[in-house]
Every structure is written in structure tokens, then in C-alpha cells.
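Input: a single structure, listed below in C-alpha cells.
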Amino acid sequence: MTHHPTRITVMMPNYNNATYVSQAIASVMRQTWQSWELLIVDDASTDDSAAVIRAVDDPRIRLVINSQNEGISAVRNRLLELARGDHVTSLDSDDVFYGDDKLEREVAVLSQPSWGRPQVAFSDVMLIDESGNDLALVSEQQPLREGPLFHGMLRRSVFIPRDYLVNTDVARSVGGFDTTLKIYEDWDFKLRLARRANFCFSGVTGIGYRRHGNGLSSASSCQHVKVQSQIQMRYSGLAVNLDSKGRVMDRKAA
């Protein structure tokens, strides 16, 4: 089979997800857009993840194994550093690309005029259970928004999945993932990206987020609130101000 030159790097962090990683890989291989590389950084897994990944025979898959566990933010930074594509997207190893045309539709979005600002293409998300059965469509719980979304993202009134497609140089230009964060490192990164880019919806359901005991939901409620507040205070102090009605106002625009 002849492949197109690599244009998209799918960045996949993995840690002890031998149960699900083959499903994640298969969902990438089913994409109608075949010009991709799948870059997997395994964070010193203690299960059979490496063997499962190596069993997949496709030259577009690159596996890098950390000698010691470094944490999710460090892994995401290494993925972004090693990416060879001119665009990047991400897929956690326990999730799947839900739609086979996810990449193709997002590439089409990025081919449209940008009107002076970088564009980020994103798709809807289906929540799935451990067996891959559909649970709920995120857009039915929270309406999707497009455009400059920094203010809404800071208030957490706007949902943008972490598996968006963006130009690699644009992603690198906003700085890496904060290695002090154990959760919400992707939200922190998206906030910096949102300060300079517009977000555009692809029109399809592209991601399946798996709900299981080892995911983000396994963190305690106190941890969630603490980290969310930490990130919001960081940007409230450095970049934004709240008016008397609680609306986010950009200091630079004031």
C-alpha cells in the first residue's frame, strides 16, 4: 500500500493501557485520511503495553519508551517535540477516534481562510463505556462554540476536546505542557492556544472518550476543584480581569 507523505502526527501518550491501546491504534488506522504518523510515548508501563503496540505492523507507527515514569505533562511535551507532521492531534491510548473521517474533516476545516488568526479544528465527542458502548454525546450536554474562545474556556462554559488538529508550529509556539500539573494539563495548554487562535468545528463526532476507573474521573473532587482554581487564578492574574458581573475581560483589550 502506498502512503502519502506524513502530514499529521497523532500523538498518543500511554501508561499501562494494554487493555485498550490496540483499539486506539486501530481507530487511527481506519482513518480515511491516510497521511499520518502515529507517535506513541510509553511512560515506563509495567504491563504488556509495549508488546501490544509492537504487534501492530505499520511503518507509520513510532514507539518511544521512557526509561522511568515522567508523568503525563512531560510525555505530552516529548510527543510535541518529536512530532514530524506539519499538523498535530492527540489521542489518549484508552480513547478512540470515533469517526473514520475525523482527520479528513478537520484537515478540510484548516484549509479554509484563517482571517488573520491561526485556526484549530475540533470535533464532537462521544462518551463511551469500558466496552466501547455509546453513553452520551457531549454536544447534547454542552453546546459547541466556535471562534475566539479564550474567555469561555477560562470560565469552563465552553468545551473543546484535547484531540483537536492544529499546525505543529502554532502548537509549539505557545510553550509546553506544565509539568507541575497532574490533571488538566491539556486545559491549561488550550487556554494559551486560545489566546492566539480561533476554534472551528468539523461537523462530525470524531472522538470517543472512555469512562473507566483509571481515567481523569478517578481523581478526587477536591483535586479537581483545587487544580481548576489554580489554573483560573493563574490566568486571571496574568492575562484577564473579571468585571462586576463575573465576565472575563482581557486587560490588554481594556
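Be aware that the sequence shown starts at 1358, since it is given in this note's numbering, and climbs by one per residue. Just so you know, even glycine gets a beta-carbon here, dropped at the ideal spot from N, CA and C. It should be emphasised that the depicted structure is a prediction, and the values quoted were computed from it without experimental measurement.
{"Query": "In the DSSP output, which residue or residues are listed as bridge partners for Met1483?", "Result": "Leu1494 and Gly1565"}
{"Query": "Identify whether Asp1526 lies in helix, strand or coil by the three-state DSSP scheme.", "Result": "helix"}
{"Query": "Could you tell me which residues DSSP puts in a beta bridge with Gly1504?", "Result": "Phe1556"}
{"Query": "Fully enclosed by the stretch 1376-1462, which alpha helix (DSSP H) runs are 4 residues long or longer?", "Result": "1378-1386, 1406-1411 and 1429-1439"}
{"Query": "Given a cut-off of 8 angstroms on the beta-carbon distance, is the pair Met1368 and Ala1440 in contact?", "Result": "yes"}
{"Query": "According to DSSP, what are the bridge partners of Pro1470?", "Result": "Pro1470 pairs with nothing; no bridge assigned."}
{"Query": "In this structure, does DSSP put Ile1588 in helix, strand or coil?", "Result": "helix"}
{"Query": "Whole angstroms are fine: how far does the CA of Gly1473 sit from the CA of Ser1574?", "Result": "The pLDDT assigned to Ser1574 is 48, lower than 50, so where the model puts this residue is not dependable; a value taken from the coordinates is nonetheless given after this. Computed Cα separation, rounded: 38 angstroms."}
{"Query": "Going by other Cβ atoms of all chains shown within 10 Å of its Cβ, with 16 needed for buried, is Ser1450 buried or exposed?", "Result": "buried"}
{"Query": "State yes or no: is the C-beta of Val1477 within less than 8 angstroms of the C-beta of Phe1556?", "Result": "yes"}
{"Query": "Got a sec? Which residues, its chain only, sit under 6 angstroms from Gly1456 by beta carbon, not counting five neighbours each side?", "Result": "Val1561, Thr1562 and Gly1563"}
{"Query": "Decide yes or no for the touch test of the stretch 1498-1514 against the stretch 1399-1408: beta carbon pairs closer than 8 angstroms, at least 3 of them.", "Result": "no"}
{"Query": "What number of angstroms, rounded off, separates the C-alpha of Ser1471 from the C-alpha of Phe1507?", "Result": "17 angstroms"}
{"Query": "Applying the criterion that 16 or more other CB atoms from any shown protein chain within 10 Å of the CB defines a buried residue, is His1360 buried or exposed?", "Result": "With a pLDDT of only 46 at His1360, under the threshold of 50, the placement of this residue in the model should not be trusted, and no figure is reported."}
{"Query": "Using DSSP's beta-bridge definition, name the partner residues of Ala1478.", "Result": "Leu1522 and Cys1557"}
{"Query": "Taking Cβ to Cβ, would you say Leu1538 is nearer than 8 angstroms to Val1584?", "Result": "yes"}
{"Query": "Rounded to whole angstroms, what is the Cα-Cα separation between Arg1591 and Asp1414?", "Result": "44 angstroms"}
{"Query": "Starting from Asn1371, trace the beta strand (DSSP E) both ways and give me its first and last residue.", "Result": "Ile1365 to Asn1371"}
{"Query": "For Asp1535, I'd like the list of residues in its chain whose CB is within less than 7 angstroms of its CB, leaving aside the five on either flank, ordered along the chain.", "Result": "Ser1430, Glu1542 and Asp1545"}
{"Query": "Report yes if the CB atom of Val1495 is closer than 8 angstroms to the CB atom of Asp1486, and no otherwise.", "Result": "no"}
{"Query": "Measure the alpha-carbon distance for Val1531 versus Ser1424 and round it to whole angstroms.", "Result": "28 angstroms"}
{"Query": "The alpha helix (DSSP H) that contains Leu1550, what's its start and end?", "Result": "Glu1542 to Ala1551"}
{"Query": "Can you tell me whether Arg1513 is helix, strand or coil according to DSSP?", "Result": "coil"}
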